[in-house]
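In the numbering used here, the protein residues as written are 3 to 190.
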């Protein structure tokens, strides 16, 4: 059984996807990921909802919870969509230093949920120090790299890779990975 038949959608029907954020990077990467994954028309809208976690989530659990909260709150606001997506970036530390990552959480119309995480990358000491003092990562990046609103552009990953990997690309892959169970419903 194919996904389209399972959802009773014709290939010409647009899928409506809500992102629990109006951040243009999160909306754009979600649209691109869903378009690539389903190869059909997609309408993606961002809405402002609370993550329910601090502005700078710390650790796996808190970051994933923020992504889940965004997806579920998006569904509460607009239950007519086909999918609801929560994206939350977080930080954590190990013996090598502070590192960044993000969780993607997708809720489907049928109640199925999936999730995937981006790769991780370490942050420079100056940025880590500011974040450790309570500053949100995007603001710390703006201060250290003399940028403005970098989190709605290339983000930390874009700044640190000198644009080789931007935030859109970084998130897109994880969204597609989170879609695997929806692309293979007979296997999951």
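Using N, Cα and C, we set each Cβ at its ideal position, and we do this for glycine too.
Boundaries of the beta strand (DSSP E) in which residue i is found, first to last residue
i	result
residue 78	Careful: residue 78 lies outside any beta strand (DSSP E), inside the alpha helix (DSSP H) at 62-79.
residue 95	85-96
Burial state of residue i (16 or more Cβ within 10 Å)
i	result
residue 166	exposed
residue 99	exposed
residue 43	exposed
Neighbourhood of residue i by C-beta, 7 Å cutoff - its chain only, sequence neighbours within 5 removed
i	result
residue 2	In the structure as shown, the chain starts at 3 and stops at 190, and residue 2 therefore has no counterpart that could be examined.
residue 179	118
Proximity winner among the options, relative to residue i (alpha-carbon distances)
i	options	result
residue 170	44, 158 and 181	158
residue 75	109, 142 and 101	109
residue 51	36, 62, 70 and 63	70
residue 187	133, 112 and 131	112
Cβ neighbours of residue i in the same chain (closer than 6 Å, five flanking residues each side left out)
i	result
residue 160	168 and 169
residue 181	39
residue 183	116 and 190
Whole-angstrom C-beta distance between residue j and residue i, which should lie under 8 Å
i	j	result
residue 23	residue 72	6 Å
residue 48	residue 84	With a Cβ gap of about 15 Å, residue 48 and residue 84 do not count as contacting.
residue 120	residue 90	Not really, about 11 Å apart at Cβ, beyond 8 Å.
residue 106	residue 173	7 Å
Contacts around residue i, its chain only, beta-carbon distance under 8 Å, and the 5 residues preceding and following it disregarded
i	result
residue 101	93, 94, 95, 122, 123, 124 and 125
residue 151	140 and 144
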